[in-house]
Each structure stands twice: as structure tokens, then as C-alpha cells.
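In this text, residue positions in the sequence shown follow our numbering: the first is 55, and each later residue adds one.
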Amino acid sequence: MPYVMVQIPKTPAAPSPAPRSVPTSADVARLAGVSRATVSYVLNNTSAVRISEPTRRRVHEAAKELGYVPHAAARSLRAGHSRMVLMPAPTMPVGLLYSQFINELQWALSRLDYTVVQHGSVGLRGDEAARAWAELRPVAVLVPGAGLGPEGVEVLKRSGARAVLTLGPEKVEGAHALLLDHEGVGHCAGAHLYSRGRRRIGVVVPEEPGMGVFSRPRLEGVRRALLGTDATVTELPLAYSEESAARIAAQWRALGLDAVFTYNDEYAMLLMRALQDEGIRIPEDTAVIGADDLMIGRLLRPRLSTVHIQLPSGHELAELVDTAVREPGGAPGTHELLGATVVHRDSS
Numbered sequence: 055m056p057y058v059m060v061q062i063p064k065t066p067a068a069p070s071p072a073p074r075s076v077p078t079s080a081d082v083a084r085l086a087g088v089s090r091a092t093v094s095y096v097l098n099n100t101s102a103v104r105i106s107e108p109t110r111r112r113v114h115e116a117a118k119e120l121g122y123v124p125h126a127a128a129r130s131l132r133a134g135h136s137r138m139v140l141m142p143a144p145t146m147p148v149g150l151l152y153s154q155f156i157n158e159l160q161w162a163l164s165r166l167d168y169t170v171v172q173h174g175s176v177g178l179r180g181d182e183a184a185r186a187w188a189e190l191r192p193v194a195v196l197v198p199g200a201g202l203g204p205e206g207v208e209v210l211k212r213s214g215a216r217a218v219l220t221l222g223p224e225k226v227e228g229a230h231a232l233l234l235d236h237e238g239v240g241h242c243a244g245a246h247l248y249s250r251g252r253r254r255i256g257v258v259v260p261e262e263p264g265m266g267v268f269s270r271p272r273l274e275g276v277r278r279a280l281l282g283t284d285a286t287v288t289e290l291p292l293a294y295s296e297e298s299a300a301r302i303a304a305q306w307r308a309l310g311l312d313a314v315f316t317y318n319d320e321y322a323m324l325l326m327r328a329l330q331d332e333g334i335r336i337p338e339d340t341a342v343i344g345a346d347d348l349m350i351g352r353l354l355r356p357r358l359s360t361v362h363i364q365l366p367s368g369h370e371l372a373e374l375v376d377t378a379v380r381e382p383g384g385a386p387g388t389h390e391l392l393g394a395t396v397v398h399r400d401s402s
């Protein structure tokens with residue numbers, strides 16, 4: 055069979071589209087009909103220069119049309135510091151109330167023209183974690199929980215951080231202290247159960263890693279409330295799982311407890327269901343009180359007694375951060391953030 059050679063012409067590849075040039079502040083200025091300085095004042099929220107609202111609107115519309123955003127590094131060089139507030143991501147389950155509080159704080163800081171960055175310091179703790187945070191050159195660091203020491207604070211300040219703030223139960227030398235009185239939460243719960251005639255009181259201590267910074271002070275608060283009385287306190291380690299709750303519930307009658315403070319409302323929901331499955335009546339056999347005053351507590355049956363925790367608004371805390379940044383030479387301050395009151399419902 056004869057073979058015929060056919061040459062297929064090579065189709066030239068379509069030319070790659072030319073890369074789009076990155077819009078600059080000069081482009082925004084031309085489109086808006088203003089100077090580059092005006093663009094800088096508007097987009098950097100400079101309060102020292104008065105810009106009319108129509109001009110601000112034109113600049114923002116031009117920036118949006120061109121897809122222009124300010125260069126954070128360049129802005130930091132001009133200002134002499136960044137606008138980044140670094141928040142290490144929590145390494146433990148912090149609960150719904152705390153998560154809502156942090157979200158509100160991040161929004162409030164963004165309204166003050168800060169960029170909030172959550173840093174996942176997996177495997178790093180204390181001063182080692184502080185060195186990793188310092189590499190990003192934040193203007194402020196807001197550290198939840200414990201673990202940061204004076205050396206870590208000094209590392210952050212040497213890297214250019216104008217403010218280091220700790221959010222937890224204890225002060226750290228050199229840092230602004232935003233104190234959360236978890237012992238007061240436990241004291242409220244213990245005093246309430248005692249006033250209801252309960253004398254054999256259990257206290258849930260979550261087994262999840264890192265939770266001790268919150269749960270241990272709450273346990274101590276219950277003990278302080280019952281000091282010198284005829285009541286007893288039994289520590290109840292509990293993992294956040296149905297299996298762990300079922301194991302404790304199966305031992306409940308042998309433990310002889312007539313009340314329990316469940317650390318928070320989420321653990322209350324977990325333990326209450328397990329106790330009811332074992333035939334333990336609430337509150338007849340065992341009174342239950344949680345903490346955080348979540349809506350879920352009002353949906354439980356019986357409705358859950360709880361400790362309402364009063365946190366500052368995200369706006370108030372953002373103002374504290376901003377003041378600490380603007381006054382880096384000031385002495386570190388101490389601010390009590392947490393108030394606690396009992397909300398008595400059906401479960402106790």
C-alpha cells in the first residue's frame with residue numbers, strides 16, 4: 055500500500071495577553087482629577103488634612119474602577135511603622151462567646167485603619183512564638199491566653215511593635231494587661247449553688263489542651279466561694295465528647311453530687327443530656343449551672359442557669375489598642391475586662 059506524506063502546517067500559538075500594568079496612585083489621581091497627595095490623604099484616612107466629602111467620593115470611586123489598593127509596605131515606610139495588629143490564633147477551643155468577641159474586635163480595629171492578621175503559631179510557644187511574630191513587624195500584638203513572657207515582650211518591642219497587649223488572667227512584665235477574671239466566674243457559680251442548698255458540688259474541668267488557663271481559675275473561684283462552709287468540691291475532668299460525658303454520668307450516683315458547675319454552657323449541654331439519659335433529674339437530683347449565657351442555654355430543657363459574662367465592646371478594646379500604639383512610651387496599663395453575674399433559670 056503506498057504511503058503519502060502530508061505536511062500539516064504548524065498553527066502559530068496565540069500570543070499571550072500582555073500583562074496588565076498595576077494601577078498606581080498617579081492613575082487614580084488623573085481619573086479623579088486631584089493630586090497624588092490628595093489620593094494618599096484619602097486612602098490612608100489622614101485626619102490632619104481636611105478633604106471634602108465629594109472629593110473623597112471621587113477618589114474612592116476612581117480607586118475602585120481601576121482596582122487600585124494602597125501598598126501596605128510603602129505606607130509603612132512613609133509612616134515609620136506598619137498598621138498591622140497581629141493576633142496569634144487560639145490553640146484551644148475558646149467557645150462561641152470569645153469567638154464573637156474577637157470577631158467584633160477585628161472589625162473595630164479595621165475601622166481604625168489597622169490590618170488584623172491572625173497568626174497560626176502551630177508548635178511554637180512563649181518566646182519562640184514571639185520571635186516568629188516579630189518577623190512580620192507588627193505595630194501591635196494582642197496575645198490571648200498565657201505563655202508570653204517578659205523576654206518575648208522585649209523581642210517584639212525591639213522589632214518595632216509599639217504595643218504588646220496580653221488578654222488573659224495574669225499580667226506580663228512590659229505588656230499592657232487586659233485581665234479576664236475567670237476566678238470571679240467560678241465564684242459566682244459556686245456561691246449560687248450554695249445559696250440554693252447544694253453541698254456536694256462538682257466542677258467540670260475540660261481536658262482539651264490549653265484550656266487550663268481558663269478552667270483552673272474557674273475551679274479555684276468555686277473553691278473560694280465555698281471556703282469555710284460545709285460544702286465539698288469534686289473536680290470532674292471532661293473531654294468534649296459524648297463518650298466522655300456518658301462515662302461521668304454512669305458514675306454520678308456513686309459520686310453523690312447534688313450540683314455541678316459545667317465550666318460553660320456548651321459543656322452543660324453535653325453533660326445534661328448524658329445525665330438525663332442516666333435518669334438523673336435536673337434540678338431535683340442535681341442542679342446545673344453553666345457560663346457565657348449563650349442562647350442555647352435558653353433552648354435547653356430545663357432552661358439552663360448560667361453566669362453572664364460582661365465583656366467590653368470590640369470598639370472599646372480597639373480604642374485601647376490604638377491608644378497604646380499612639381503612646382508607645384507610656385507605662386503599661388492594666389484593664390479589668392470581665393464582669394460576671396448569675397442568671398438563675400430552671401436547671402438550678
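Ideal placement from N, C-alpha and C gives every residue a C-beta, glycine not left out.
* State the Cα-Cα distance for the pair Ala-133 and Val-193, rounded to the nearest angstrom. => The predicted model places Ala-133 with a pLDDT of 49, which falls under 50 and marks its position as unreliable; any figure quoted below should be read in that light. Near 11 Å, if we compare the C-alpha coordinates of Val-193 and Ala-133.
* **Per-residue DSSP class, three states only, for Ala-80** => helix
* **Inter-residue Cα distance where the pair is Trp-187 and Leu-219** => Distance from the CA atom of Trp-187 to the CA atom of Leu-219, rounded to whole angstroms, is 13 Å.
* Report all residues from its chain with a CB closer than 7 Å to the CB of Leu-196; omit the five preceding and five following residues, and keep chain order. => Within the same chain, Leu-196 has close Cβ partners Val-139, Met-141, Leu-219, Leu-221 and Val-375.
* Alpha-carbon spacing of Glu-332 relative to Arg-307, whole angstroms -> 10 Å
* Going by beta carbon distance, what residues of the same chain come within less than 7 Å of Met-323, once the five residues before and after it are set aside? -> Ile-350 and Leu-354
* To do: Would you identify the three-state DSSP class for Met-265, choosing helix, strand or coil?
  => Of the three classes helix, strand and coil, the one that applies to Met-265 here is coil, per DSSP.
* Within the same chain, show all residues whose beta-carbon is closer than 7 Å to that of Glu-390, passing over the 5 residues directly before and after it, in chain order. => Leu-233 and Asp-235
* Asked: Can you tell which of Pro-291, Leu-292 and Val-276 has the C-alpha that lies nearest to the C-alpha of Ala-285?
  -> Val-276
* Asked: Using DSSP with H/G/I as helix, E/B as strand and the rest coil, what is Ser-359?
  -> strand
* Asked: Among Leu-166, Val-267 and Pro-198, which has the Cα closest to the Cα of Gly-174?
  -> Pro-198
* Please work out which residues of its chain come closer than 6 Å, Cβ to Cβ, to Gly-110, disregarding the five sequence neighbours upstream and downstream, and give them in chain order. => Rather than Gly, the amino acid found at residue 110 in this sequence is Arg. Val-96, listed in sequence order.
* Let me know the secondary structure DSSP gives His-398 once reduced to three states. => coil
* To do: With a 10 Å radius around its C-beta and 16 neighbouring C-beta atoms as the bar for buried, classify Leu-131 as buried or exposed.
  => Residue placement at Leu-131 is poorly supported in this model, since its pLDDT is 46, which falls under 50; the coordinates are not used for a value here.
* Would you call the CB atoms of Thr-340 and Val-314 closer than 8 Å? -> yes
* Asked: Looking at Ala-217 and Lys-225, is the spacing between their C-beta atoms short of 8 Å?
  -> Not closer than 8 Å, so no.
* Please name the residue or residues paired with Glu-381 in a DSSP beta bridge. => Glu-381 pairs with nothing; no bridge assigned.
* To do: Please list the segments of the beta strand (DSSP E) lying wholly inside the segment 302-370, counting only runs of 3 or more residues, in order along the chain.
  => 313-315, 341-343 and 360-364
* **Nonlocal neighbours in the same chain, by C-beta distance under 6 Å from Asp-400, ignoring five residues either side** => Pro-356 and Arg-357
* Between the beta-carbon of Glu-107 and the beta-carbon of Leu-85, is there less than 8 Å? -> Taking 8 Å as the Cβ cut-off, Glu-107 and Leu-85 do not qualify as a contacting pair.
* To do: From the DSSP output, in three-state form, read off Arg-112 for me.
  => In the three-state reduction of the DSSP assignment, Arg-112 falls in the helix class.
* Asked: From Arg-191, Ala-215 and Glu-227, pick the residue whose C-alpha is nearest to that of Leu-202; which is it?
  -> Glu-227
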